[in-house]
Structures are given as C-alpha cells and as structure tokens.
Amino acid sequence: MGGQGPVTALIVLTIGHSTQSLEEFTELLKAHGVTRVVEVRTVSRPRRNPKFSRETLPEALAAAGIGYLHTYPSETLQMKFEPDQG
7 MGGQGPVTAL IVLTIGHSTQ SLEEFTELLK AHGVTRVVEV RTVSRPRRNP KFSRETLPEA
67 LAAAGIGYLH TYPSETLQMK FEPDQG
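Right under this line is the structure:
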C-alpha cells in the first residue's frame, strides 16, 4: 500500500552473558540465528566479565558475523530498524 515494500517481522530475543566464555556466547547467538545485538545496559563495563564490555564485545561479535549497537533504554523505544541493518 502506498508504495511501501513488504513488511518484515522483527523478532526480539533477550540474553544475559552470565559466566559463559565469549566463544560460548557467540555460538549461542549464532545457533539461534541472531544477526544483531542491541545492548541496552546503562553501564556496559562489567568488572567481573570485562570481555563483555562495550569496548571488546563489538569486535568479538563482528568476528562471528553478528552486528552490534549500543543504545540506552529510553532511546531504544524510539529506534526503527531496517531489515538489512547490521
């Protein structure tokens, strides 16, 4: 209608890193077909698991073919994703 393309459903999953290794975490994401992680933690510099910090996580996800975006919860409510955004 009105020149718009087909509507694509957006599936949102949630996950916590717990005490998994970074490899286990990325394999779990890939096993469930995750193509992008949108991080909404206000403080994304965990002292116990620095491998999951905003400085290191994006690179690890990119190596696994998974996109990364950090935002804040209030901004997330206003975001609009295109199906091909990574």
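In my numbering, the protein residues as written are 7 to 92. Note that the Cβ used here is the ideal one computed from N, Cα and C, for glycine as well. Every value quoted in this text rests on a predicted model; they were computed, and no experiment measured them.
- Y74 is bridged by DSSP to V43.
- Excluding residues up to 5 positions away in sequence, K57 and A66 lie with their Cβ nearer than 7 Å to the Cβ of L28 in the same chain.
- In its chain, beyond the 5 residues on either side, V44 have a beta carbon closer than 6 Å to the beta carbon of L75.
- In the three-state DSSP reduction, L16 falls in the coil class, being neither helix nor strand.
- According to the DSSP assignment, E29 belongs to the alpha helix (DSSP H) that extends over L28 to A37.
- No residue range can be given for E61, since it is assigned to no alpha helix (DSSP H) and is classified by DSSP as neither H nor E.
- Cα atoms of R60 and K36: separation of roughly 19 Å, rounded to the nearest angstrom.
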